[in-house]
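Numbering (the numbering used here), first residue to last: 2 to 110.
Everything on this sheet refers to the single structure shown next.
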Amino acid sequence: DPAIARELASISRLPQVRALLVGQQRAFERSDVVVLGRDIGTVIFPGADIKFFFTASPAERVARRRRDLDRTLGQATPDAVLEDEIEARDRADSEREIAPLRAAPDAII
């Protein structure tokens with residue numbers, strides 16, 4: 002649900018929530034694990050042996066998001082709406098003070 006996703010995004014920006022989540026995520030550091038997230042290689046596991054930073058075209062990201070929403074909500078969302086939501090999330094994540102979205106310097110892009 003896009004409304005829930007927006008609420009989660011705003012809650013996850015709170016410093017006290019971030020600190021709690023980072024601590025819990027770092028508990029997995031000593032295990033062989035593959036982790037996906039927007040700040041995994043820069044904040045959560047900056048010392049990871051291998052880091053990837055994946056990108057996709059806006060059209061591919063919209064198509065992927067549409068498939069996810071169609072599957073979970075059973076409703077179609079216009080591509081323009083999805084593109085606006087994706088751009089807004091990227092902008093918010095890139096400009097946030099705490100753990101902005103960026104590739105780790107040693108990431109494979």
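Glycine included, every Cβ here is placed at the ideal spot set by N, Cα and C.
Coil, strand or helix - residue i by DSSP
i: Ile-109; result: strand
i: Pro-16; result: helix
i: Leu-102; result: coil
Sequence-distant residues of its chain with Cβ nearer than 7 Å to residue i (five each side left out)
i: Gly-75; result: none
i: Asp-107; result: Lys-52
i: Arg-97; result: Arg-14
Cutoff 8 Å; reference residue i; Cβ partners in own chain excluding five residues on either side
i: Ile-99; result: Arg-14, Pro-16, Arg-19
i: Ala-105; result: Gly-42, Thr-43, Pro-47, Lys-52, Phe-54
i: Arg-31; result: none
Proximal residues to residue i (C-beta, below 6 Å), its chain only, five neighbours per side dropped
i: Leu-9; result: none
i: Ile-87; result: Arg-62
**Request:** Mind listing, in chain order, the continuous alpha helix (DSSP H) runs of no fewer than 4 residues lying wholly within the region 19-94?
**Result:** As summarised for the region 19-94, the continuous alpha helix (DSSP H) elements at least 4 residues long and confined to that stretch are 59-74, given in chain order.
**Request:** Count the C-beta pairs between the region 42-53 and the region 12-27 that are closer than 8 Å, then say yes if the count reaches three, no if not.
**Result:** Enough Cβ pairs lie closer than 8 Å, so yes.
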